[in-house]
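Structure first, then comments.
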């Protein structure tokens, strides 16, 4: 059995993961953004393959994705780590994913780093992964499937450093304007329950991880960071994200 285990608040990581999985055939989705799932219910065997995909948050795996991933028991199943990032760097994310997979009982046989539109500043790596990216990622997936089917479970080296980069989150949090229609779409979609269902125009600042899912899911387009905050973030990131990066396969 093949599984896609994905944390993708804005959808870009899922696009990359599904492109890699295109040659895999059929697969089952494990959505790590869901608050109502007992992830320990999933069982695996040595014959299974799991593709774990997350965005890089400040060069690290999102903490909530780590918490939910640790509920899985791989039982020797093979695994692929995929990190998406918005053209700055993914720093220690793949190395951290490798360590977590091993701790959960998975054997990592490959890893992928994929470019993706920056969720806070969409102008950075806009539209990525695009059609060309998806074609390349599918080619990565074919190579991964060949290794998996051959029974080769040789270890994979990935970039990163220990101790891991310190990441304390993004202090800015998205807010709703006075035009909020109180539909509750943001509250239902929030991976950490930071938006009260009875007051969807508000945000629990202590809970919010600035994943921006509420911004992408808001049908009225009235949720976002404040304009001056967005401008400051874009100004800071622009020189760090200059130029281009390439998708990478480690196998």
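Numbering (the numbering used here), first residue to last: 6 to 256.
All C-beta atoms in this analysis are idealised placements derived from N, C-alpha and C, irrespective of residue type, glycine included.
Ignore the nearest five residues each way along the sequence and tell me which others in residue i's own chain have a CB closer than 7 Å to its CB.
i	result
residue 325	In the structure as shown, the chain begins at 6 and stops at 256. Residue 325 is therefore absent and cannot be evaluated.
residue 94	64
residue 178	208, 210, 213 and 215
residue 81	51, 110 and 112
residue 224	188 and 190
Only counting the same chain, and skipping five residues up and downstream in sequence, which positions put a Cβ closer than 6 Å to that of residue i?
i	result
residue 34	9
residue 231	none
residue 20	134
residue 246	92, 93 and 129
Rounded to whole angstroms, what is the Cα-Cα separation between residue i and residue j?
i	j	result
residue 144	residue 253	11 Å
residue 189	residue 202	6 Å
residue 172	residue 216	14 Å
residue 103	residue 157	17 Å
residue 168	residue 67	16 Å
residue 48	residue 109	12 Å
residue 233	residue 200	22 Å
residue 136	residue 52	31 Å
residue 180	residue 229	6 Å
residue 226	residue 153	43 Å
residue 240	residue 174	18 Å
residue 46	residue 127	36 Å
residue 17	residue 155	30 Å
residue 28	residue 142	10 Å
residue 75	residue 176	26 Å
residue 193	residue 42	14 Å
residue 273	residue 90	The question about residue 273 has no answer, for the chain in this structure spans 6 to 256.
residue 191	residue 78	31 Å
residue 242	residue 251	18 Å
Near residue i, what residues of its chain come up, given a Cβ to Cβ distance below 8 Å and the 5 sequence neighbours on each side ignored?
i	result
residue 170	63, 64, 65, 96 and 97
residue 26	7, 9, 32, 56 and 146
residue 161	103, 113, 114, 115, 116, 255 and 256
According to the neighbour-count rule (16 or more other Cβ atoms, all chains shown, within 10 Å of its Cβ), is residue i buried or exposed?
i	result
residue 50	exposed
residue 30	exposed
residue 148	exposed
residue 85	buried
residue 205	buried
residue 83	buried
residue 72	exposed
residue 70	buried
residue 163	buried
My assumption, with CB atoms under 8 Å, is that residue i sits in contact with residue j. Please give the rounded CB distance.
i	j	result
residue 139	residue 24	4 Å
residue 92	residue 196	Their Cβ separation, rounded to whole angstroms, is 23 Å, which puts residue 92 and residue 196 out of contact at 8 Å.
residue 13	residue 38	7 Å
residue 255	residue 107	Between residue 107 and residue 255 the Cβ distance is about 15 Å, and since that is not below 8 Å, they are no contact.
residue 165	residue 100	3 Å
> Counting Cβ pairs, one atom from each stretch, are 3 or more of them under 8 Å apart for the segment 128–142 and the segment 220–235?
Replying inline: no
>> Below 8 Å, how does it come out for the segment 177–186 and the segment 103–121: are there three or more Cβ pairs, yes or no?
In response: no
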